[in-house]
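Student: The letter at position 170 of the sequence shown is residue 170 when you use our numbering, and the numbering goes up by one with no holes. This is the structure, below, for whatever I ask next.
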Amino acid sequence: MSVLVFADNSEGKFKKTAFEVTSYGKKVAEQAQTNLVVLTINGNDVSELSNYGAEKILKINDEKLINFNAKAYADAIKQAAEKENADIIIIDSNINSLYLAPILAVKLEAGYTSNVVALPSSLNPFTVKRKTFSTKAFNFTEIKTAKKLISLSKNSYGLVENSVKDNEEEFSPSLNDDDFNVTSTSIDKTKGKVTIADADIIVSGGRGLKGPENWGMIEDLAEVLGAATACSKPVSDLGWRPHSEHVGQTGKPVASNLYIAIGISGAIQHLAGVNAAKVKVVINTDPEAPFFKAADYGIIGDAFDVVPKLTEKLKEFKSNQ
Ligand SMILES: Cc1cc2nc3c(=O)[nH]c(=O)nc-3n(C[C@H](O)[C@H](O)[C@H](O)COP(=O)(O)OP(=O)(O)OC[C@H]3O[C@@H](n4cnc5c(N)ncnc54)[C@H](O)[C@@H]3O)c2cc1C
1 MSVLVFADNS EGKFKKTAFE VTSYGKKVAE QAQTNLVVLT INGNDVSELS NYGAEKILKI
61 NDEKLINFNA KAYADAIKQA AEKENADIII IDSNINSLYL APILAVKLEA GYTSNVVALP
121 SSLNPFTVKR KTFSTKAFNF TEIKTAKKLI SLSKNSYGLV ENSVKDNEEE FSPSLNDDDF
181 NVTSTSIDKT KGKVTIADAD IIVSGGRGLK GPENWGMIED LAEVLGAATA CSKPVSDLGW
241 RPHSEHVGQT GKPVASNLYI AIGISGAIQH LAGVNAAKVK VVINTDPEAP FFKAADYGII
301 GDAFDVVPKL TEKLKEFKSN Q
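Next up, the structure:
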């Protein structure tokens, strides 16, 4: 038996999540006293994965799989799991895995649990801690099937460097034409910006900023911090900011290390998307704003006064380094 990790990439480039899921898989393999195999599909620089414990890297290079296709990817991962005799299959929690995981679980006849945040607390019975109710609670889930499929929540385990010998092998799964009845013909992505799903630091603005003309100070703060910009739902509904920046229950969930919320009240639907952020800083004029209850640090003050001063201080701090 082995542990199989699927390390996803974006246009061939591995993101931090691929290294995180590999680090996690390596530790699970150690717990199970077995080997880790990492599967890649059309990835560049796959050897980077061996810095995080990938003892064996299976490489699929196939033009048909350039764009994500849940059915075909599930087929390929299933065949890799069979080839490597893997009982524990681990993927990350990106948007694609929401489509991929259920199909893969059916194909593998595996029990599946999502949003896992820690190493298995037991291998027999196989028990993992996962977040639930929009990260308001945790539960321990037991998977009783022979094969187990889990998705690791982003930023929950971190990167663990563990350099092993680069051992790569080509793999060509047999693909089923029926899986390509619906295909993406082109993808337009926002270019040149850190997306909120991947950002380590996020500066987010709400309706308290009064209008789109005031976003300059949000962008200035984001620039000095190397952060992505985000917003609350009304801000994107009003067209002040693009929908790709909308955070929350009906927007994107974030798992950044730092989330700075400026002029955002902290409605439950917004908090649902930011609960997984590690440190939350709130700037709001209203001391009763609900966001303060969820915050690690809070500044009661006018954003138009506080934010430019904060940006100036950060610039000063950086120039003295
Ligand atoms: C089904 C459903 C789904 C929803 N999904 C989402 C979602 O995914 N994401 C989301 O964000 N919302 C969502 N909402 C909307 C949510 O309920 C709130 O209405 C919304 O989050 C409020 O946005 P806001 O905090 O920017 O605005 P407001 O509620 O208007 O709050 C503005 C805040 O700015 C503060 N403020 C004002 N002036 C200043 C100043 N000068 N300096 C500093 N602070 C100032 C105020 O004190 C206030 O706290 C959803 C609602 C429903 C019903």
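We put the beta carbon where it would ideally sit given N, CA and C, even for glycine. No experiment lies behind these values; they were computed from the predicted model shown.
Do you know offhand how far Ala72's Cα is from Thr311's?
Tutor: The sequence position of residue 72 within the sequence shown is 72, counting from 1. The sequence position of residue 311 within the sequence shown is 311, counting from 1. Rounded to whole angstroms, Ala72 to Thr311 spans 47 Å at the Cα level.
Student: Within 10 Å of its beta-carbon, does Glu170 have 16 or more other beta-carbons around it, so buried, or fewer, so exposed?
Tutor: Translated into the one-based positions of the sequence shown, residue 170 becomes position 170. Exposed: under 16 other Cβ atoms inside 10 Å.
Student: Taking 8 Å as the threshold (C-beta atoms), are Asn44 and Gly12 in contact?
Tutor: Taking the sequence shown and counting its residues from 1, one reaches residue 12 at position 12. Taking the sequence shown and counting its residues from 1, one reaches residue 44 at position 44. Cβ atoms of Gly12 and Asn44: closer than 8 Å.
Student: Taking a contact to mean a Cβ-Cβ separation below 8 Å, would you say Lys280 touches Asn257 in this structure?
Tutor: Within the sequence shown, the letter at position 280 stands for residue 280. Within the sequence shown, the letter at position 257 stands for residue 257. Not in contact: Lys280 and Asn257 (Cβ atoms no closer than 8 Å).
Student: Regarding His243 and ligand 1, is the C-beta to nearest heavy atom distance less than 7 Å?
Tutor: The sequence position of residue 243 within the sequence shown is 243, counting from 1. Result no, Cβ not under 7 Å from ligand 1.
Student: Tell me, which residues are paired with Thr229 by DSSP?
Tutor: Taking the first residue of the sequence shown as position 1, residue 229 is located at position 229. In DSSP, Thr229 forms a bridge with Val203.
Student: Determine the direct distance from the alpha carbon of Asp198 to that of Gly208, and round the result to whole angstroms.
Tutor: Along the sequence shown, read from residue 1 onward, the residue named residue 208 stands at position 208. Along the sequence shown, read from residue 1 onward, the residue named residue 198 stands at position 198. The alpha-carbon atoms of Gly208 and Asp198 are separated by roughly 25 Å.
Student: Going by C-alpha to C-alpha distance, which of Gln33, Val254, Asp220, His243 sits closest to Lys315?
Tutor: Residue 315 sits at position 315 when you count from the first residue of the sequence shown. For Lys315, the nearest C-alpha among the options comes from Asp220.
Student: Under 7 Å: does the beta carbon of Val235 sit that close to some heavy atom of ligand 1?
Tutor: Here residue 235 refers to the residue found at position 235 of the sequence shown. True, at least one ligand heavy atom lies under 7 Å from that Cβ.
Student: Below 8 Å on the Cβ atoms is my contact criterion, and I expect Ser184 with Ser93 to pass it. Report the Cβ-Cβ distance as a whole number of Å.
Tutor: Mapped onto the sequence shown, residue 184 falls at position 184. Mapped onto the sequence shown, residue 93 falls at position 93. That pair is no contact at about 21 Å.
Student: Tell me, please, which residues DSSP counts as bridged to Val106.
Tutor: For the purposes of this step, residue 106 is taken as residue 106 along the sequence shown, with counting starting at 1. Per DSSP, none; premise fails for Val106.
Student: Between which two residues does the beta strand (DSSP E) holding Tyr259 run?
Tutor: Here the question's residue 259 lines up with position 259 in the sequence shown. That run of the beta strand (DSSP E) goes 258 to 262.
Student: Measuring from each Cβ to the nearest heavy atom of ligand 1, keep the ones under 5 Å and list them in chain order.
Tutor: Counting every residue whose Cβ lies closer than 5 Å to a heavy atom of ligand 1, we get Gly206, Arg207, Gly208, Ser232, Lys233, Pro234, Gly248, Gln249, Thr250, Gly251, Gly263, Ile264, Ser265, Ala267, Gln269, His270, Asn284, Thr285, Asp286, Ala289, Asp302, Ala303.
Student: Between the segment 50 to 69 and the segment 151 to 166, are three or more C-beta pairs nearer than 8 Å?
Tutor: As far as the Cβ criterion goes, the segment 50 to 69 touches the segment 151 to 166, which means the pair count is three or higher.
Student: Does the distance from the CB of Asn35 to the CB of Glu55 come in under 8 Å?
Tutor: Here the question's residue 35 lines up with position 35 in the sequence shown. Here the question's residue 55 lines up with position 55 in the sequence shown. Against a cut-off of 8 Å, the Cβ pair of Glu55 and Asn35 comes out as a contact.
Student: With distances taken from CA atoms, which of Lys154, Gly111, Val203, Asn124 is nearest Lys131?
Tutor: Locating residue 131 in the sequence shown gives position 131, where the first residue counts as 1. It is Lys154 whose Cα lies nearest to the Cα of Lys131.
Student: Please confirm whether Ile90 and Leu100 have their CB atoms less than 8 Å apart.
Tutor: On the sequence shown, position 90 is the one that residue 90 refers to. On the sequence shown, position 100 is the one that residue 100 refers to. No; because the gap between Cβ atoms is not below 8 Å, this pair is not in contact.
Student: Just checking my contact of Pro120 with Val5 at CB under 8 Å: how many whole Å lie between their CB atoms?
Tutor: Here residue 120 corresponds to residue number 120 of the sequence shown, with the count starting at 1. Here residue 5 corresponds to residue number 5 of the sequence shown, with the count starting at 1. Not really, about 14 Å apart at Cβ, beyond 8 Å.
Student: Enumerate in chain order the residues of its own chain whose CB-to-CB distance from Leu159 is below 8 Å, with the five nearest sequence positions on each side excluded.
Tutor: As a working mapping, residue 159 is identified with position 159 in the sequence shown. Hits under 8 Å: Lys16, Phe19, Glu20, Ser23, Tyr52.
Student: Quick one: give me the first and last residue of the alpha helix (DSSP H) that Ala303 is part of.
Tutor: Here the question's residue 303 lines up with position 303 in the sequence shown. Unbroken alpha helix (DSSP H) run through Ala303: 303 to 319.
Student: Alpha carbon to alpha carbon, how far is Val203 from Trp240? Give it in angstroms, no decimals.
Tutor: Start at 1 with the first residue of the sequence shown, and residue 240 comes out as number 240. Start at 1 with the first residue of the sequence shown, and residue 203 comes out as number 203. Each residue's alpha carbon lies about 15 Å from the other.
Student: So what's Ile268 in DSSP terms, helix, strand or just coil?
Tutor: For the purposes of this step, residue 268 is taken as the residue at position 268 of the sequence shown. Reduced to three states, the DSSP call for Ile268 is helix.
Student: Between Leu39 and Ile77, how many whole angstroms is the CB-CB distance? I'm expecting something under 8 Å.
Tutor: As a working note, residue 39 is residue 39 in the sequence shown. As a working note, residue 77 is residue 77 in the sequence shown. With 8 Å as the limit, Leu39 and Ile77 qualify as a contact, their Cβ atoms being about 6 Å apart.
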